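Trainee: Residue numbers (numbering that gives the first Met the number 0), protein chains in the order written: chain A, 0 to 797; chain B, 0 to 161.
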Amino acid sequence: MKIVEDSPPVLTALDRPNSYIGRSVPRPNLHRLAQGRGQYVSDVSLPRMAHVAYLRSPHAHANIVSIDASTAKKAPGIIAVVTGAELAKVMTPWVGVLTHLKGLKSAPQPPIAVERACWQGEAVCAVVARSRAQAEDAAELIEVNYQPLPAVTDAETALDAKTPVIHSSLGDNLCFERKLDVGKVDDAFASSDAVIETTFVTGRHTGVTNEPRAIVADWNEGEQRLTVYQGTQAPHMMQNLFAKHLGLAEHQVRVLTKDVGGSFGIMVHTYADEMATVALSKMLKRPVKFVADRIESFVTDIHARDHRIKAKIGVKKDGTIIAFEIDDLTGIGPYSVYPRTSGIEANQVVNLVGGPYTCSNYRAQARVVFTNKNVMCQYRAVGHPIAVAVTEGLVELAAAKIGMDPLEIRRRNLLPDDAYPAQSAAGLKFEKLSHHESLAHLDAMMNYAALRAEQKKLRAQGIYRGIGFASFIEVTNPSAAFYGVGGARISSQDGATIKLDAQGAIIVATGVSEQGQGAEAVMAQVAATSFGVPIERVRVIMGDTDNTPYGGGTWASRAAGIGGEAAWQAGKALRANVLAVAGAMLQAKPETLDIRNGVVVDAANGTERLPLEELARVAYFRPDTLPAGIQAEIVATRHYVPRAWPFAFTNGVQASYLEVDTDTGFVKLLKHWCVEDCGTIINPQLVDEQIRGGVVQGIGAALFEQCLYDERGQMLNGNMADYLVPMAAEMPDIECGHVVSPTADSELGAKGAGEAGTAGAPACVMNAINDALRPLRAQPLTDMPFTPDKILRALGKV
Amino acid sequence: MSERALDISLTVNGETVAERVEARKTLVDFLRDDLSLTGSHVGCEHGVCGACTVRVNGEIARACLMLAVQCDGTTVETIEGLSDSGELADLQAAFAQRNALQCGFCTPAMLATAQDLLKRGGVPSRDAIREQMSGNYCRCTGYHAIVDAIESVAQARAGAKK
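1. Whole angstroms is fine: what's the gap from isoleucine 462(A)'s alpha carbon to alanine 758(A)'s?
2. Between the Cα of glycine 38(B) and those of Glu44(B), Gly46(B), Cys48(B) and Val27(B), spot the shortest distance and give me the residue it belongs to.
3. Tell me whether glycine 736(A) sits in a helix, a strand or coil according to DSSP, three-state version.
4. Please list, in chain order, the residues of the segment 546–565 of chain A that have any C-beta partner in chain B closer than 9 Å.
5. Helix, strand or coil: how does DSSP classify proline 384(A) here?
6. Against chain B, which members of the segment 200–223 of chain A pass a CB distance test of less than 8 Å?
7. DSSP three-state label for phenylalanine 530(A), please.
8. When you compare only the Cα positions, how much space is there between histidine 440(A) and valine 674(A)?
9. Using DSSP bridges, identify the partner residues of isoleucine 594(A).
10. For isoleucine 2(A) and serine 437(A), I'd like the C-alpha separation in whole angstroms.
11. Thinking C-alpha only, which one of Thr73(B), Val68(B), Pro107(B) and Ala22(B) is nearest glutamate 86(B)?
12. What runs of the beta strand (DSSP E), each 3 residues or longer, lie entirely inside the segment 285–320 of chain A?
13. Taking 8 Å as the cut-off, does the segment 651–663 of chain A touch the segment 754–771 of chain A (at least 3 CB pairs, one atom from each stretch)?
14. According to DSSP, simplified to helix, strand and coil, what is histidine 671(A)?
15. Can you give me the Cβ contacts of tyrosine 270(A) inside the same chain, cut-off strictly under 7 Å, excluding the 5 residues immediately before and after it?
16. Using C-beta distances below 6 Å, list every residue in its chain close to lysine 24(B), excluding the 5 sequence neighbours before and after it, in chain order.
17. Using 7 Å as the cut-off, classify the Cβ of leucine 611(A) as near or not near the heavy atoms of the ligand FAD, replying yes or no.
18. Just the C-alpha distance for leucine 707(A) and isoleucine 59(B), rounded to the nearest angstrom, thanks.
19. So glutamate 14(B) is in the beta strand (DSSP E); what residue range does that whole segment cover?
20. Per DSSP, what are the beta-bridge partners of leucine 117(B) in this structure?
21. Grouping DSSP H, G and I as helix and E and B as strand, with all else coil, what is asparagine 373(A)?
22. List, in order along the chain, the chain B residues whose C-beta lies closer than 8 Å to that of isoleucine 733(A)?
23. For serine 44(A) and arginine 156(B), what's the separation of their Cα atoms in angstroms?
24. What in chain B is Cβ-close to serine 280(A), meaning under 7 Å?
25. Please check if any C-beta of chain B sits within less than 8 Å of the C-beta of tyrosine 39(A).
26. Measuring straight from C-alpha to C-alpha, what distance separates aspartate 14(A) and threonine 679(A)?
27. In the structure shown, what three-state DSSP assignment does tyrosine 619(A) receive?
28. Inspect the beta-carbon positions of alanine 559(A) and valine 521(A) and report whether they are closer than 8 Å.
29. On the criterion of 16 or more Cβ atoms from any shown chain inside 10 Å, does leucine 657(A) qualify as buried, or is it exposed?
30. Buried or exposed: where does asparagine 239(A) fall if 16 or more other Cβ atoms within 10 Å of its Cβ makes it buried?
31. Would you say proline 784(A) lies against chain B (beta-carbon separation less than 8 Å)?
32. How far does the beta strand (DSSP E) with arginine 224(A) in it extend, from its first residue to its last?
33. Determine the chain A residues that contact threonine 25(B) at a beta-carbon separation under 7 Å, and present them in chain order.
34. DSSP three-state label for proline 779(A), please.
35. Provide the residue(s) that pair with valine 254(A) in DSSP beta bridges, ordered along the chain.
36. Within the segment 751–778 of chain A, note down every full alpha helix (DSSP H) run reaching 4 residues or more, in order along the chain.
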């Protein structure tokens, strides 16, 4: 384990000559995207393509008594108007449950509402026309007779006897419940020197991908095949689901994922309107395109993080944390989202609270309830920002209560760096973490002591600055334990196929997909290194279920760690195959040869023996000149799935430095730091940029973002003027540092890095605000987002 | 709805374009749907995200807040033109080198907005860069790398003038 700079030297464990591991190699797709030559789904246009607009329920809960589309059907350009009942003949409904989340239940969800709409924004009718504008014009002519029903909008009362049950077949509004009781929690609280009890609220928010959701479905009646252009994070998962619900075999479905205008977990779910678009294509036997507009996105893209957590911590005077207890309640909308379910987020909160610490007494309860709001599901860093806010919020409140420095209380409680393998109170298994080294690195990087001195000096001048921290752990590289064991056909393994082309370049096909995070570059770096060619001679193919090995896609920080290892192994296998041919051509033992920089060389001294181009020429065009019995096998495939550990946990610590204007309640972010340990760093620049982007996404949750609903279930701020997102002017510079503890589960040793920033940032900003306001005796703020009015209220100014 | 359509003539990326367009059609829909210039992106259609930013008569403008008919007689430049002319070459190279784009959806508009600042010359402060870019939403990068890239180009251009 060692601390590395942003551009570390080549790592010794992977010291192939000309290694690209550990180098900030630019991504191959950047120039294309920067020239406006990307191809996003919203750019796709096919012959005979029709456009669909969805008429959506204005009510949170209502019976659909009748739909009169007679006028709409005569409108210019109209191809079809299709109701939920009509579409139900083409596509079966789905139920979002997983068997390993015991007791989790949900109701069948149709692609378009049939008889009843369950949230404001649910599609009730599809209008297909030659242009989107014509479809929208006609949608306005449809008369829907609704009978409004009482809407369940408050999670707190969703389980009360007098609250209506949304799906009567389920018996109640409880989707999922989990309880955990480890150690002697009551005894521990009784023996605590201080107990802090408070309620945290994390605001319901959403992904706001820059490109709204889009899909083009093309059913070819002549081929009996469906091609779907979709910006999904999991092409093979979607292939399975489209086939399953249309009654097709998987080989009849091809999912193509080209450029994706942002995903963040938003693009890994089944959306009713996208399923409907696919069904419409089959029904109408022509390509159909759907692009959500921004208003639709706000009421249909999954929401997340709507949790209320009553939480408690017990500490001794010496800072020892001896107990955590939480009661988490979350309202997830009317359906558990398919196929990953809406129980995972709360389940993660239970798993992760207290995770960085040695404390062995932990009690948790989580209840997931149905409501008549838009559905919630997994969004970047699923559950982590909530669990980290609760844990780190409690830790800093406890530190303040006993008068201990916030870094010191962590030093006394974080799992020791030499304690591994270790297990958390909730049962999480850790192979190797580096909390203390990370903390020491952060302390030095931010010059903590100097900042404290500056803070003190400025307070005397009436300037209130705060410093906040968050230690965290992050789930990455999930094995089949995440979804597979629960019965979902979501692959935890991934494969890579590498072939040598006829000029000695290599083509890498992988099941992981690219949404901008740089998976394409990482695959190229790994394959170039393990096989032995310059990176300019590597091309990567992703996002095509017809042409890539079966895989899970890109989510849960798995692309580099799992897809990368598959590419590493495939590169090695292809090298062995190629050297077998080279050995025959050169009359040398293959084990005395190597491939370096695109040339077969003597392994011992690097003497060049045979360019790959010449080997490929012989293999493809003059195989007759090879000795008898030598068949060149110059394509190799390898698969990889983590087996030794259910997840490769990463860890890290963040710090925020900010200033609160006590007159206006505005928060000015001055600087943010993150030290993270994602194991082997394949591309330092890409890791840092994942962290930076993730931090800002977390800052959005802390300061700006919230989907506001009224008591009738109407979303009040579903547009970008009213729903605030982080913009450049308000964001700080973000400094990144690294500790490297590779996982031994793979040769590459890489863990995931995509979600660490988002996991820790909200807690960090919360703690910094409370640190700033502590001398003013403000009530600690625990209700995100921390808007100016909440800050002024905490200060007693309004 | 032909009675609601109008004939317009304009210059787009140096080419003369004469088309009949619906009066209600936005400039960005006209560019994307009628001219197949898909480098300009539609993110919010209400002028907040900035993904549709193009140049009209030399000034940056949100193409979702302008109607195509308003552009009759104007000169419009999109990423396709700005890119092929080489005007943005150093900025594009800096964005690539600094990984100042991830999904790339905001990037064409980011480049146009950044160039609008850089054209004024000098080396703006990081705060001034952030202020200029404050109307362009990026969900991926957290903006730090974008500011770095623009700052480096400003320094390089200023250095080249000396």
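Just so you know, even glycine gets a beta-carbon here, dropped at the ideal spot from N, CA and C. Here the structure is a predicted model, which is why all the values come from computation and not from measurement.
Mentor: A quick look at the data gives this:
1. Against the first sequence, residue 462(A) aligns to sequence position 463. Against the first sequence, residue 758(A) aligns to sequence position 759. Cα to Cα, the separation comes out at about 29 Å.
2. Walking along the second sequence from the start, residue 38(B) turns up at place 39. Glycine 38(B) has its Cα closest to that of Val27(B), out of Glu44(B), Gly46(B), Cys48(B) and Val27(B).
3. For this step, residue 736(A) is matched to residue 737 along the first sequence. Correct three-state label for glycine 736(A): strand.
4. none
5. Counting from one through the first sequence, the residue named residue 384(A) turns up at place 385. Of the three classes helix, strand and coil, the one that applies to proline 384(A) here is helix, per DSSP.
6. Gly206, Val207, Thr208, Asn209, Glu210 and Pro211
7. Within the first sequence, the letter at position 531 stands for residue 530(A). Phenylalanine 530(A) falls in the helix class under three-state DSSP.
8. If you number the first sequence from 1, residue 440(A) lands on position 441. If you number the first sequence from 1, residue 674(A) lands on position 675. So the two alpha carbons sit approximately 7 Å from each other.
9. On the first sequence, residue 594(A) is found 595 positions in, with the first residue counted as 1. Paired residues: Val599(A).
10. The residue you call residue 2(A) lines up with position 3 of the first sequence. The residue you call residue 437(A) lines up with position 438 of the first sequence. Low per-residue confidence applies at isoleucine 2(A): pLDDT is 37, beneath 50, and the placement is therefore not dependable, though the value from the model is reported in the following sentence. Going by the C-alpha atoms only, they are around 8 Å apart.
11. As a first step, residue 86(B) must be located in the second sequence, where it is residue number 87. For glutamate 86(B), the nearest C-alpha among the options comes from Pro107(B).
12. 287–290 and 306–314
13. yes
14. As a working mapping, residue 671(A) is identified with position 672 in the first sequence. Strand.
15. Here residue 270(A) refers to the residue found at position 271 of the first sequence. Taken in chain order, the residues that qualify are Arg212 and Thr299.
16. Position 25 of the second sequence, counted from the first residue, corresponds to residue 24(B). Cβ within range, chain order: Ala67.
17. Annotation note on the ligand FAD: not contained in the displayed structure, which lists no ligands.
18. Taking the first sequence and counting its residues from 1, the one referred to as residue 707(A) is at position 708. Taking the second sequence and counting its residues from 1, the one referred to as residue 59(B) is at position 60. C-alpha separation (whole angstroms): 33 Å.
19. Counting from one through the second sequence, the residue named residue 14(B) turns up at place 15. Start and end: 14–21.
20. Residue numbering aside, residue 117(B) sits at position 118 when the second sequence is read from its first letter. In DSSP, leucine 117(B) forms no bridge with anything.
21. As a position in the first sequence, residue 373(A) is number 374, starting the count at 1. In the structure shown, asparagine 373(A) sits in coil (DSSP, three-state: anything other than H, G, I, E or B).
22. By 1-based counting over the first sequence, the position of residue 733(A) is 734. What isoleucine 733(A) touches in chain B: Gly141 and His143.
23. For the purposes of this step, residue 44(A) is taken as residue 45 along the first sequence, with counting starting at 1. For the purposes of this step, residue 156(B) is taken as residue 157 along the second sequence, with counting starting at 1. Answer to the nearest angstrom: the Cα atoms are 40 Å apart.
24. As a first step, residue 280(A) is located in the first sequence; it is residue number 281 there, counting from the start. Those do not exist, as serine 280(A) stays about 20 Å from chain B at its closest Cβ, beyond 7 Å.
25. Within the first sequence, numbered from 1, the residue matching residue 39(A) stands at position 40. Output row for tyrosine 39(A): interface = yes.
26. Along the first sequence, read from residue 1 onward, the residue named residue 14(A) stands at position 15. Along the first sequence, read from residue 1 onward, the residue named residue 679(A) stands at position 680. So the two alpha carbons sit approximately 12 Å from each other.
27. Here residue 619(A) is taken as the residue at index 620 of the first sequence, counted from 1. Reduced to three states, the DSSP call for tyrosine 619(A) is helix.
28. Here residue 559(A) is taken as the residue at index 560 of the first sequence, counted from 1. Here residue 521(A) is taken as the residue at index 522 of the first sequence, counted from 1. Yes. Within cutoff.
29. By 1-based counting over the first sequence, the position of residue 657(A) is 658. Leucine 657(A) is buried by the Cβ-count criterion.
30. Along the first sequence, read from residue 1 onward, the residue named residue 239(A) stands at position 240. With 16 or more other Cβ atoms within 10 Å, it is buried.
31. By one-based count along the first sequence, residue 784(A) stands at place 785. Not one chain B Cβ lies under 8 Å of proline 784(A).
32. The residue given as residue 224(A) occupies position 225 in the first sequence. First-last of the beta strand (DSSP E) with arginine 224(A): 224–229.
33. Locating residue 25(B) in the second sequence gives position 26, counting from the first residue. Near threonine 25(B) there are no residues of chain A at all, since even the closest Cβ is about 10 Å away, more than 7 Å.
34. Within the first sequence, the letter at position 780 stands for residue 779(A). Coil, per DSSP.
35. Within the first sequence, the letter at position 255 stands for residue 254(A). Looking at the DSSP assignment, valine 254(A) forms a beta bridge with Val227(A).
36. 755–772
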